[in-house]
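These notes concern the structure reproduced below.
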């Protein structure tokens with residue numbers, strides 16, 4: 188499951204043409220917290236795979252994917268239209284309306300050490316479920 192999430196994050200990180208240092212650090216941090224090595228992540232970054240079926244995820248897993256993809260989008264301090272579009276596509280594939288990205292983006296911090304009120308975010312995201 189973590190490999191699929193990391194692959195999605197890698198796809199987002201490369202959507203603007205390059206992976207920034209802060210994006211790379213965020214991806215490595217998430218990977219490390221899930222037991223993957225830097226070598227595992229580097230190999231995945233060199234050869235990102237197509238994003239698979241997201242419809243089989245639980246509601247909690249869908250929220251986690253959405254949360255991390257928005258956090259990564261913001262991690263380098265620059266948000267490109269290609270990244271917003273990518274996040275909106277992922278949101279839709281997860282069963283949310285596109286507007287969830289703007290709603291949550293205003294409340295999710297780019298720094299992974301700063302946590303948001305998860306319960307409030309889940310409640311707001313729930314309103315955007317299709």
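In the working numbering, the protein residues as written are 188 to 317. All C-beta atoms in this analysis are idealised placements derived from N, C-alpha and C, irrespective of residue type, glycine included.
Practice task
Could you tell me which residues DSSP pairs with residue 316 in its beta bridges?
Solution key: If you number the chain shown from 1, residue 316 lands on position 129. Looking at the DSSP assignment, residue 316 forms a beta bridge with 283.
Problem - 3-residue-minimum beta strand (DSSP E) runs that sit fully inside the stretch 226-306, ordered along the chain - result: none
Problem - Helix, strand or coil at residue 211 [DSSP, three-state] - result: Residue mapping note: residue 211 aligns to position 24 of the chain shown, counting from 1. In the structure shown, residue 211 sits in a helix (DSSP, three-state: H, G or I).
Exercise for the section: Indicate whether the contact test is met: 3 or more Cβ pairs, each with one atom in the stretch 225-235 and one in the stretch 246-266, closer than 8 Å. Expected result: Not touching, per the Cβ criterion.
Practice task
Within the same chain, show all residues whose beta-carbon is closer than 6 Å to that of residue 176, passing over the 5 residues directly before and after it, in chain order.
Solution key: Any question about residue 176 goes unanswered here, given that the chain covers just 188 to 317.
Practice task
Would you identify the three-state DSSP class for residue 223, choosing helix, strand or coil?
Solution key: Sequence index remark: in the chain shown, residue 223 carries index 36 (1-based). Residue 223 falls in the coil class under three-state DSSP.
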